[in-house]
Amino acid sequence: MGRALPPILARRVSPGRLCLATVIAFAAVLSAGIGGGGTDSAFAGQDSNASSGLSLDAVRGRVLEVHDSIASVELTYLAAPRNARADVPRLYSQHHVAQKGRLRFAENTHFTDEVGVDLDLNHTRQFFTGDSFDVFYVKTRYYETSRRNAKMDYPWKLRVDAYLTAVGWWPKDDDLPPDDLARNPYPPLRKILQDPTCVLLERSENVDGHHCVVLFRPKRDKTWLAPDLAYAVCRREILDPRRGEPWVRTTPSSFRRYPLAGGLDVWFPMQVDGEELPLASKGREEEKDGPPRPSWSASLHLKALQLNSVSDTVFRFVAPPGTLIQDRDTLQVSQVSGGLDLLDESVDMARKIQQYNPRRARTSAPSMRIVDLLGLLIVGFVLVPSLLLAGLKVGRFLPPKATPASRTATCEEKA
């Protein structure tokens, strides 16, 4: 209820196809940006031998000192595809994320160069409180909540965010995420530093002008930290658990300084680039019998960032008029009164889908028209429960329909 942008769209993308693509498979990934309150810095002072005299305990202490000073984070970032083919529409996603202790919130929207967010049926807001896991579908005003699902694996896709995973931060007062190479390839720095297999390499390595200390876990991962950026992550690699070769690499860049209490500073990257690396020992076809390989080929662009100022109200859902609410545990359904404007919005969306591509009328490809029709059916289908429930509620206040028997009884009473 969260975390590479696959080429799932055909050469011509209709809004219906975009809606179906985002519902079927959305690959959200990484971003970098320009947050308020920070100070830009091109490579802040260089240390000729960053790892000299440092032990793993010293690095652990300095990393946790900074991370423990961040109680909450709220950010917005754009995920954009990298190395996309010119003939394939580029699928973007934007993410507004808030984390505080165990609390999570994320609003996700999707769009292409041609189709805007106003036609994104998979525009969602997700909430996790530790006790419940909830999803609100904005375009259809449908909200589902579950306490049972909150105790299962489903919330991890919300609790583990792509950008925050790339920079290694994790809330101090929350359970550490499980190891999952396919969904969560990059564990938080807090978890890496607690792993007894983690070692600090003796030599430092230069990454984009920063002399970095290197954390290494055999056949797991390598992490480069820059002491001159308060031990910010400058590079991360996930290793093949069988051969130890690099699988995926992320490279944060364009760091900005954010002051913290107690005279501390933290540096966040304005951009994070992810890429899959070719394996030297074998081809992809030979990987089928092995563990799932992480997929990450995108750039994250940070748009806004606020630290230690997230209110608990961010994590509470306020239902707009007309919202259909379903408890997934009990299957009970209720509806917030009002919301007739949703009908106008749905009709307007259907018209936009039909009018999106004027060339559609001249195309002979039936699949294009079928996809558009399916998009319209989705718009209509999601309204059916709301309309039925509204009809039932209205029916309770209407007088019963007159029948011949009831009319006869009424006449006898009057007589």
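The opening residue of the sequence shown carries number 17 in our numbering; numbering runs sequentially from there.
For glycine and all other residues, C-beta sits at the position ideal for the given N, C-alpha and C.
All of these numbers come straight from a predicted model, not from anything done at the bench.
task: Please go through the same chain and pick out, in chain order, the residues whose beta-carbon is closer than 6 angstroms to the beta-carbon of Lys116, but skip the five residues on each side of it.
output: Annotation for Lys116: Ser88, Val326 place their beta carbon closer than 6 angstroms to its own, counting only its chain and skipping 5 residues before and after.
As a quick exercise: from Tyr202, Pro243, Leu323, pick the residue whose alpha carbon is nearest that of His227.
Per the Cα distances, Pro243.
task: For Met286, name the three-state secondary structure that DSSP assigns.
output: For Met286, the secondary structure class from DSSP, reduced to helix, strand or coil, is strand.
Nearest to Thr8 (by Cα), restricted to the options Pro97, Thr92, Val75, Phe144: Lying before the first or after the last residue shown, residue 8 is absent from the chain, which here runs from 17 to 431.
**Q.** Three-way DSSP call (helix, strand, coil) for Gly146 in this model
**A.** In the structure shown, Gly146 sits in coil (DSSP, three-state: anything other than H, G, I, E or B).
- Using three-state DSSP, classify Val326 as helix, strand or coil. In this structure, Val326 counts as coil in the three-state DSSP scheme.
Original post:
Ordered along the chain, which non-local residues of its own chain (more than five positions away) have a Cβ less than 8 angstroms from that of Ser64?
Top reply: Any answer about Ser64 is weak, because its pLDDT of 41 lies below 50 and its placement is not dependable; what the coordinates show is given next. Close CB contacts of Ser64 within its chain, under the 8 angstroms cut and outside five residues either way in sequence, are with His227 (chain order).
| query | Is Cys427 helix, strand or coil when you go by DSSP? | reply | Caution applies to Cys427, whose pLDDT of 46 falls short of 50 and renders its modelled position unreliable; the value that the coordinates give is listed next. DSSP places Cys427 within a helical segment (H, G or I) once states are collapsed to three.
Checklist entry - How long is the line joining the alpha carbons of Gln342 and Val363, rounded to whole angstroms? => result Each residue's Cα considered, the two are about 24 angstroms apart.
So, for Lys155: in the same chain, excluding its five sequence neighbours on each side, which residues have a beta-carbon less than 6 angstroms away from its beta-carbon? So the list reads Leu137, His139, once near-sequence residues are dropped.
key: Segment limits, beta strand (DSSP E) that includes Val223   = Taken as a continuous stretch (DSSP letters only), the beta strand (DSSP E) holding Val223 covers 221-223.
C-beta contact flag for Phe284 and Leu231 at 8 angstroms: No, the pair does not count as a contact, with Cβ atoms beyond the cut-off.
- Would you list the residues sitting across from Pro262 in a DSSP beta bridge? Secondary-structure assignment with DSSP links Pro262 through a beta bridge to Leu255.
Practice task
Could you pull the start and end residues of the alpha helix (DSSP H) that Arg175 belongs to?
Solution key: Element bounds for Arg175: 172-175.
*Looking at the structure shown, is Gln348 part of a helix, part of a strand, or coil, going by DSSP?*
If DSSP states are grouped into helix, strand and coil, Gln348 belongs with coil.
#### Entry: Contact under 8 angstroms by Cβ, Phe149 with Ala166
Contact flag set, yes.
Query - Residue environment, Leu340, which counts as buried when at least 16 other CB atoms sit within 10 Å - result: By the 10 Å Cβ count, Leu340 comes out buried.
Review point. For Arg367, does the count of other Cβ atoms within 10 angstroms reach 16, so buried, or fall short, so exposed?
Key: By the neighbour-count definition (other C-beta atoms within 10 Å, threshold 16), Arg367 is an exposed residue.
task: With a 10 Å radius around its C-beta and 16 neighbouring C-beta atoms as the bar for buried, classify Lys238 as buried or exposed.
output: Label assigned to Lys238: buried.
>> I want to know whether the stretch 279-294 touches the stretch 180-199 - three or more CB-CB distances under 8 angstroms.
In response: Judged by Cβ distances under 8 angstroms, the stretch 279-294 makes contact with the stretch 180-199, as three or more pairs qualify.
| request: Have a look at Leu205 and Gln370 and give me their C-alpha separation to the nearest angstrom. | output: Leu205 and Gln370 have their C-alpha atoms roughly 48 angstroms apart.
In whole angstroms, what is the alpha-carbon distance linking Glu292 and Val264? As the crow flies, the alpha-carbon of Glu292 is around 5 angstroms from that of Val264.
Practice task
Along the alpha helix (DSSP H) that carries Ser362, what are the first and last residues, could you check?
Solution key: First-last of the alpha helix (DSSP H) with Ser362: 357-371.
Could you compute how far the alpha carbon of Leu209 sits from the alpha carbon of Arg76? For Leu209 and Arg76, the distance between alpha carbons rounds to 6 angstroms.
| said: Which of the three DSSP states is assigned to Tyr108 in this structure? | reply: Correct three-state label for Tyr108: strand.
What is the residue span of the beta strand (DSSP E) that Lys188 lies within? No beta strand (DSSP E) contains Lys188, which DSSP labels as neither H nor E.
In whole angstroms, what separates the C-alpha of Gly355 from that of Ala335? Rounded to the nearest angstrom, the two C-alpha atoms are 11 angstroms apart.
Task: Enclosing beta strand (DSSP E) for Glu81 [first to last residue] - done: It is not in any beta strand (DSSP E) - Glu81 instead sits in the alpha helix (DSSP H) that spans 72-83.
Status (buried if at least 16 other CB within 10 Å, exposed otherwise) for Arg252
By the neighbour-count rule (16 or more Cβ atoms within 10 Å), Arg252 is buried.
For Gln142, which residues in the same chain have their Cβ closer than 6 angstroms to its Cβ, ignoring the five residues on either side in sequence?
If we look at Gln142 and ignore the five residues flanking it on each side, its Cβ neighbours are Met17, Ala122, Val151, Leu174.
> How many angstroms separate the CA atom of Tyr158 from the CA atom of Ala102?
Replying inline: Rounded to the nearest whole angstrom, the C-alpha separation of Tyr158 and Ala102 is 36 angstroms.
Q) From Val223 to Leu316, what distance separates their C-alpha atoms? A) In a straight line, the C-alpha of Val223 is about 19 angstroms away from that of Leu316.
What's the gap between the Cα of Ala95 and the Cα of Asn124?
CA-CA distance, Ala95 to Asn124, rounds to 11 angstroms.
What residue range does the beta strand (DSSP E) around Tyr247 cover?
Element bounds for Tyr247: n/a, residue is neither H nor E.
- Item | Backbone CA spacing between Gln110 and Arg120 [nearest angstrom] | Their backbone Cα atoms lie some 16 angstroms apart in a straight line.
- Message: With a threshold of 8 angstroms between beta carbons, is Thr339 in contact with chain C?
- Response: This model lacks chain C altogether, as it is built from one protein chain only.
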